[in-house]
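One structure is given below, encoded as structure tokens.
Protein chains: 2
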Amino acid sequence: MNAAKALELIKSRRSTRKYTDRPVEPEKLMQILEAGRYAPSGGNSQTTHFLVISNKEILRELAVLVMQEFSKMEVTENMYASIANSIRASKGGKYIFYYNAPVLILVANQRDYGNNMADSACALENMMIMANALDLGSCWINQVHWLTDNPVICEYLSGLGLSGEECVCGGLAVGYPDTEDGLPVRSPLPRKGNPVTYAE
Amino acid sequence: MNAAKALELIKSRRSTRKYTDRPVEPEKLMQILEAGRYAPSGGNSQTTHFLVISNKEILRELAVLVMQEFSKMEVTENMYASIANSIRASKGGKYIFYYNAPVLILVANQRDYGNNMADSACALENMMIMANALDLGSCWINQVHWLTDNPVICEYLSGLGLSGEECVCGGLAVGYPDTEDGLPVRSPLPRKGNPVTYAE
Numbered sequence: 007m008n009a010a011k012a013l014e015l016i017k018s019r020r021s022t023r024k025y026t027d028r029p030v031e032p033e034k035l036m037q038i039l040e041a042g043r044y045a046p047s048g049g050n051s052q053t054t055h056f057l058v059i060s061n062k063e064i065l066r067e068l069a070v071l072v073m074q075e076f077s078k079m080e081v082t083e084n085m086y087a088s089i090a091n092s093i094r095a096s097k098g099g100k101y102i103f104y105y106n107a108p109v110l111i112l113v114a115n116q117r118d119y120g121n122n123m124a125d126s127a128c129a130l131e132n133m134m135i136m137a138n139a140l141d142l143g144s145c146w147i148n149q150v151h152w153l154t155d156n157p158v159i160c161e162y163l164s165g166l167g168l169s170g171e172e173c174v175c176g177g178l179a180v181g182y183p184d185t186e187d188g189l190p191v192r193s194p195l196p197r198k199g200n201p202v203t204y205a206e
Numbered sequence: 007m008n009a010a011k012a013l014e015l016i017k018s019r020r021s022t023r024k025y026t027d028r029p030v031e032p033e034k035l036m037q038i039l040e041a042g043r044y045a046p047s048g049g050n051s052q053t054t055h056f057l058v059i060s061n062k063e064i065l066r067e068l069a070v071l072v073m074q075e076f077s078k079m080e081v082t083e084n085m086y087a088s089i090a091n092s093i094r095a096s097k098g099g100k101y102i103f104y105y106n107a108p109v110l111i112l113v114a115n116q117r118d119y120g121n122n123m124a125d126s127a128c129a130l131e132n133m134m135i136m137a138n139a140l141d142l143g144s145c146w147i148n149q150v151h152w153l154t155d156n157p158v159i160c161e162y163l164s165g166l167g168l169s170g171e172e173c174v175c176g177g178l179a180v181g182y183p184d185t186e187d188g189l190p191v192r193s194p195l196p197r198k199g200n201p202v203t204y205a206e
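Residue numbers (our numbering), protein chains in the order written: chain A, 7 to 206; chain B, 7 to 206.
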């Protein structure tokens, strides 16, 4: 594996927030999930659970429930901007939290496991890189994570196969980008932050 | 970028826990850090902070402090196994938490930022993949994360450039693997866990 190409693949991953209806081929989806499953885990615990939703009816139902539950919440001072945006959009009544992507992968883990977010995020990053390698767009989706203690959402996800001992740590929208050439935008946003300090 | 090669790169990353003394070339280290810096961040906040330690004296001092602070703790029932192991090894008096790797990268983020672990873990995963592409070994290191509220450790890291508003979310040991051929072991451990559920 050429190191320069690896760096290019990693650097050219960029969040996609507009998707076409084109379904993701099952073999590509499997490669993305395989990349996620091969992420490292604390003490090799392998407790990351991938809940794959591509059924349009389920996606629609989940979107309605997410909007309904966010619309009951109130924006408070110093609230994280994206949560506040989800609440405002939900109160507006037309909120599709997963950007209408053809596939949503929810990444869950054991609630009482200290590395649940760390392991899940590594799996999500692997899946984002793999999606990029397959010319697919992807975007980290946090809305279900923010609602992971919400009883309505918990009950719905339990019907889809999540256990009560699991929490949703993150999610990934996956699909073909709605761009002119059908390919993901590859030029990364500049990194003005994310500083590096060398201890001397 | 060939998708099969990308998957192979991701799947062949495996934790390295034995390193040679060979220093990591600055240009390779920079590529690893660049991969980390290009990880996604919540709302594009870019608050991930990479503290790179390759100075042997600093590494030794930090290792002594980490051992000292763990040795003051007691193993309790139901404690996460790796934390309990760190405490036991520290009480034994010969604990080098970073596996004597030539480089330790601590990944910090804002304490009051809800996505601090998510963003940091994505950066760490990118760095692990990049290290693998460069024929370097790496291993997620959690000990400083577990001690991120410890006043002795905080004070020491503050002297290295971490602000009091930052916490350590994880760390990465990087170096050349101490293997017969000098290359990382590439055969991944089987994934018996990390299940996939398709919502139907």
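Even for Gly, the Cβ is constructed at its ideal location relative to N, Cα and C.
- Shown here, A:N132 sits in a helix according to DSSP, grouped into three states.
- Around the beta carbon of B:M36, fewer than 16 other beta carbons lie within 10 angstroms, which makes this residue exposed.
- Between the alpha carbons of A:M85 and A:D125 lies a distance of about 26 Å.
- The residue among A:P157, A:R43 and A:E80 with its C-alpha nearest the C-alpha of A:I111 is A:R43.
- Distance from the Cα of B:E67 is smallest, within the candidate group B:A12, B:M123 and B:Y101, for B:Y101.
- Taking a contact as a CB-CB distance under 8 Å, the pair A:V109 and A:V30 counts as one, their CB atoms being some 5 Å apart.
- Under the Cβ distance rule, A:N50 counts among the residues neighbouring chain B, one pair being separated by less than 8 Å.
- Counting the other Cβ atoms within 10 Å of the Cβ of A:R192 gives fewer than 16, which makes it exposed.
- In chain order, W152 place their CB closer than 7 Å to the CB of B:I89, counting only its own chain and leaving out the 5 sequence neighbours on each side.
- A direct Cα-to-Cα measurement between B:M73 and B:V81 gives close to 14 Å.
- The beta carbon of A:A107 sits closer than 7 Å to the beta carbons of Y25, A179, V180 and G181 from its chain, once the five residues preceding and following it are set aside; these are given in chain order.
- A distance below 7 Å between beta-carbons, with the five flanking residues on each side excluded, links B:R94 to the following residues of its chain, in chain order: V81.
- The contact set of B:Q37 on chain A, defined by CB atoms closer than 8 Å, consists of A9 and L13 in chain order.
- Using beta-carbon distances, B:K100 does not count as an interface residue toward chain A, since no partner is under 8 Å.
- Close to A:Y104, with beta-carbon spacing below 8 Å, lies no residue of chain B; the smallest spacing is near 13 Å.
- For A:N91, same chain residues with a beta-carbon under 7 Å away, outside a window of 5 residues either side, do not exist.
- Cβ neighbours of A:M136 within its own chain (closer than 7 Å, five residues either side excluded): Q37, I38 and A41.
- For A:G176, DSSP records a beta bridge to A:V113.
- Judged by DSSP secondary structure, B:A95 falls within the alpha helix (DSSP H) whose first and last residues are A87 to G98.
- CA-to-CA, the gap between A:R19 and A:A45 works out to about 17 Å.
- For the segment 16–45 of chain B, the set of positions with a beta-carbon nearer than 7 Å to some beta-carbon of chain A reads I16, K17, S21, Q37, L39, E40, A41, R43, Y44 and A45 in chain order.
- Counting C-beta pairs closer than 8 Å gives fewer than three between the segment 130–150 of chain A and the segment 197–206 of chain A, which falls short of the contact rule.
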